[in-house]
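*Asks:* Those letters in the sequence shown? Residues -41 to -1, 1 to 262, by mature numbering (1 follows the signal peptide of the UniProt record, and there is no 0). Before we start, here is the structure in question, set down as structure tokens.
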Amino acid sequence: MSADLPPAVKARGRAFSLWFRRGAAVAAALAVGTAALPAEAAVPAAAPGGALTFAGAADWDGDGRTDLIARRDATGDLLLFPGDGKSTPGAASGTVIGTGWNGYTFAGVADWAAAGHPGIIARNDGTGDLWLYPGEGTRAPSSLPPVLIGSGWNGYTFAGVADGTGDRLPDITAREDSGARTLWLYPGEGKPAPSSKPRLSLGTGYGDTTLAGVADWGRFGHASPIVRDDLSGDLRYDPGRGGPSVIGTGWGGYTFADTADWDGDGNADLIARADDTTELWVYPGEGKPAPSTKPRISLGTGW
Ligand SMILES: [Ca+2]
Ligand SMILES: [Ca+2]
């Protein structure tokens, strides 16, 4: 382990400016078993555009509602989908806030620098560098330059960016894809810079899992990983006390977009796409380390 390069150590200052122009400038509930899967009848045709890769969910435009950010893989465009806390937006409604985003892997959308607006945290897959792309709280491309916040990040899979330590500053959680498949937390410091704090191990043995997100699902005051056991389809939430709890079953066949408070009730929600139908669903959490009993919200198909 010690021989592995800890990411988020070396900063090399700022690079290209105007990053947004780069390149051209489960039924009704998270709970409940396979019976909770979406109905498979009447699979609708996908909306125009095709597959999206999710960057994450956060209030990008500053209106108090959680929004979605995703890349349209066919074009490399980065799209903003402003949320209303309910059943919109649809997949066809995105506003382009950036171009040239193929070749990047998203870690999450969070206010890493404590700037008052979330930014996009993404790895350049060619170099392994990790960049913060600061937002400005608008529905338009940002004019702020990106900030290098780490290097050596190839070989990791991101779980999400959220406050895992309880200091209200977002941290990066990622799995090391070799060795013991350790899940690491990289503490943020609320600065536009790499973290100078040592990383923390959240445990080993995260092979055969898909990282769904990092959220304070049980309202313990800090975010914790939510992972899918790929062998069973179970969704596991591990707040680090009392062991993990299963908060859903039958989750094979989903792609996780992010965790965030979509409906504005103060509880973290899970946003995921059913890959067979391309329908995007919000599974509202209830602030308990347990499956949700609330009805899920459809954001439509074509995702
Ligand atoms: Ca918003
Ligand atoms: Ca919520």
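Glycine included, each C-beta is placed from N, C-alpha and C at the ideal position.
Which term fits residue 20, buried or exposed, when burial requires 16 or more other beta carbons within 10 angstroms of its beta carbon?
*Replies:* Residue mapping note: residue 20 aligns to position 61 of the sequence shown, counting from 1. Buried is the call here.
*Asks:* With a CB to CB cut of under 7 Å and the five nearest residues on each side skipped, what residues in its chain are close to residue 181?
*Replies:* By one-based count along the sequence shown, residue 181 stands at place 222. The answer, listed in chain order, is 122, 123, 124, 125 and 175.
*Asks:* To the nearest angstrom, how far is it from the Cα of residue 222 to the Cα of residue 239?
*Replies:* As a working mapping, residue 222 is identified with position 263 in the sequence shown. As a working mapping, residue 239 is identified with position 280 in the sequence shown. Near 15 Å, if we compare the C-alpha coordinates of residue 239 and residue 222.
*Asks:* How close, in whole Å, do the beta carbons of residue 11 and residue 32 come, if the pair is a contact with beta carbons under 8 Å?
*Replies:* Here residue 11 refers to the residue found at position 52 of the sequence shown. Here residue 32 refers to the residue found at position 73 of the sequence shown. Yes, they are in contact, since the Cβ atoms of residue 11 and residue 32 sit about 7 Å apart, within 8 Å.
*Asks:* For the putative contact between residue 18 and residue 26, defined by C-beta atoms under 8 Å, what is the C-beta separation to the nearest angstrom?
*Replies:* Looking up residue 18 in the sequence shown gives position 59. Looking up residue 26 in the sequence shown gives position 67. Contact flag correct, Cβ pair sits at about 6 Å.
*Asks:* Is it a yes or a no for the stretch 207 to 223 touching the stretch 148 to 163, going by three-plus beta-carbon pairs under 8 Å?
*Replies:* The answer is no - the stretch 148 to 163 does not touch the stretch 207 to 223, with fewer than three Cβ pairs under 8 Å.
*Asks:* Kindly list the residues whose CB is nearer than 6 Å to the CB of residue 253, restricted to its own chain and excluding five residues on each side of it in sequence; keep chain order.
*Replies:* On the sequence shown, residue 253 is found 294 positions in, with the first residue counted as 1. Taken in chain order, the residues that qualify are 243.
*Asks:* Put residue 10 into one of helix, strand or coil per three-state DSSP.
*Replies:* In the sequence shown, the residue the question calls residue 10 occupies position 51. Here residue 10 sits in coil by DSSP.
*Asks:* Buried or exposed: where does residue 157 fall if 16 or more other Cβ atoms within 10 Å of its Cβ makes it buried?
*Replies:* The residue you call residue 157 lines up with position 198 of the sequence shown. Looking at its Cβ environment, which holds fewer than 16 other Cβ atoms inside 10 Å, residue 157 is exposed.
*Asks:* So that I know if they touch, is there some Cβ in chain B lying closer than 9 Å to that of residue 95?
*Replies:* Structure shown: chain B not included; a single protein chain is present.
*Asks:* According to DSSP, is residue 51 part of a helix, a strand, or is it coil?
*Replies:* Along the sequence shown, one-based indexing puts residue 51 at 92. In this structure, residue 51 counts as helix in the three-state DSSP scheme.
*Asks:* Run through DSSP, which three-state label would residue 71 get?
*Replies:* Looking up residue 71 in the sequence shown gives position 112. In this structure, residue 71 counts as coil in the three-state DSSP scheme.
*Asks:* Could you tell me which uninterrupted beta strand (DSSP E) segments, each at least 3 residues in length, are contained entirely in the stretch 151 to 217, listed from first to last along the chain?
*Replies:* Runs found: 168 to 174, 183 to 188, 194 to 196 and 204 to 207.
*Asks:* Counting C-beta neighbours from all protein chains within 10 Å, is the total for residue 261 16 or more, i.e. buried, or is it exposed?
*Replies:* The residue given as residue 261 occupies position 302 in the sequence shown. That one is buried.
*Asks:* Note down the Cα distance separating residue 246 from residue 191, rounded to an integer number of angstroms.
*Replies:* Along the sequence shown, one-based indexing puts residue 246 at 287. Along the sequence shown, one-based indexing puts residue 191 at 232. Taking the straight line joining both Cα atoms gives about 24 Å.
*Asks:* Would you report the Cα separation of residue 68 and residue 15, rounded to the nearest angstrom?
*Replies:* For this step, residue 68 is matched to residue 109 along the sequence shown. For this step, residue 15 is matched to residue 56 along the sequence shown. Approximately 5 Å between the Cα atoms of the pair.
*Asks:* Got a sec, what are the start and stop residues for the beta strand (DSSP E) residue 231 sits in?
*Replies:* Looking up residue 231 in the sequence shown gives position 272. Unbroken beta strand (DSSP E) run through residue 231: 228 to 233.
*Asks:* Reducing DSSP to helix, strand and coil, say where residue 257 ends up.
*Replies:* Along the sequence shown, one-based indexing puts residue 257 at 298. Here residue 257 sits in strand by DSSP.
*Asks:* State the Cα-Cα distance for the pair residue 227 and residue 256, rounded to the nearest angstrom.
*Replies:* Counted from its first residue, the sequence shown places residue 227 at position 268. Counted from its first residue, the sequence shown places residue 256 at position 297. Each residue's alpha carbon lies about 14 Å from the other.
*Asks:* Once you ignore the five residues that flank residue 232 on each side, which residues in its own chain have a CB closer than 6 Å to its CB?
*Replies:* In the sequence shown, the residue the question calls residue 232 occupies position 273. Result list for residue 232: 214, 239 and 262, in chain order.
*Asks:* Nearest CA to the CA of residue 138: which residue from 164, 128 and 46?
*Replies:* Locating residue 138 in the sequence shown gives position 179, where the first residue counts as 1. The option with the nearest alpha carbon to residue 138 is 164.
*Asks:* Take residue 136 and list the residues in its own chain whose beta-carbon comes closer than 8 Å to its own, dropping the five residues that flank it on each side.
*Replies:* On the sequence shown, residue 136 is found 177 positions in, with the first residue counted as 1. For residue 136, where only same-chain residues beyond five positions count, the Cβ hits under 8 Å are 114, 115 and 116.
*Asks:* Is any heavy atom of ligand 2 found at a distance shorter than 8 Å from the C-beta of residue 216?
*Replies:* The sequence position of residue 216 within the sequence shown is 257, counting from 1. Every heavy atom of ligand 2 is 8 Å or more from the Cβ of residue 216, so no.
*Asks:* Here's the rule I'm using: 16 or more other beta-carbon atoms within 10 Å means buried, otherwise exposed. How should residue 265 be labelled?
*Replies:* The structure shown does not extend to residue 265, since the chain is modelled only from -41 to 262, so the question has no answer here.
*Asks:* Would you kindly check if the distance between the Cβ of residue 128 and the Cβ of residue 306 is under 9 Å?
*Replies:* An answer regarding residue 306 cannot be provided, because it is not within the stretch -41 to 262 covered by the chain.
*Asks:* From residue 140 to residue 62, what does the alpha carbon distance come to, in whole angstroms?
*Replies:* Numbered from its first residue, the sequence shown carries residue 140 at position 181. Numbered from its first residue, the sequence shown carries residue 62 at position 103. Using only the alpha carbons, I get a separation of about 24 Å.
*Asks:* Which stretch, first to last residue, makes up the beta strand (DSSP E) that contains residue 130?
*Replies:* Position 171 of the sequence shown, counted from the start, is the residue given in the question as residue 130. Its beta strand (DSSP E) spans residues 130 to 135.
*Asks:* Have a look at residue -37 and residue 87 and give me their C-alpha separation to the nearest angstrom.
*Replies:* Counting from 1 along the sequence shown, the entry for residue -37 is found at position 5. Counting from 1 along the sequence shown, the entry for residue 87 is found at position 128. Model confidence at residue -37 stands at a pLDDT of 32, short of 50, so the residue's coordinates are unreliable; what they give is reported in the following sentence. Roughly 11 Å separates the two Cα atoms.
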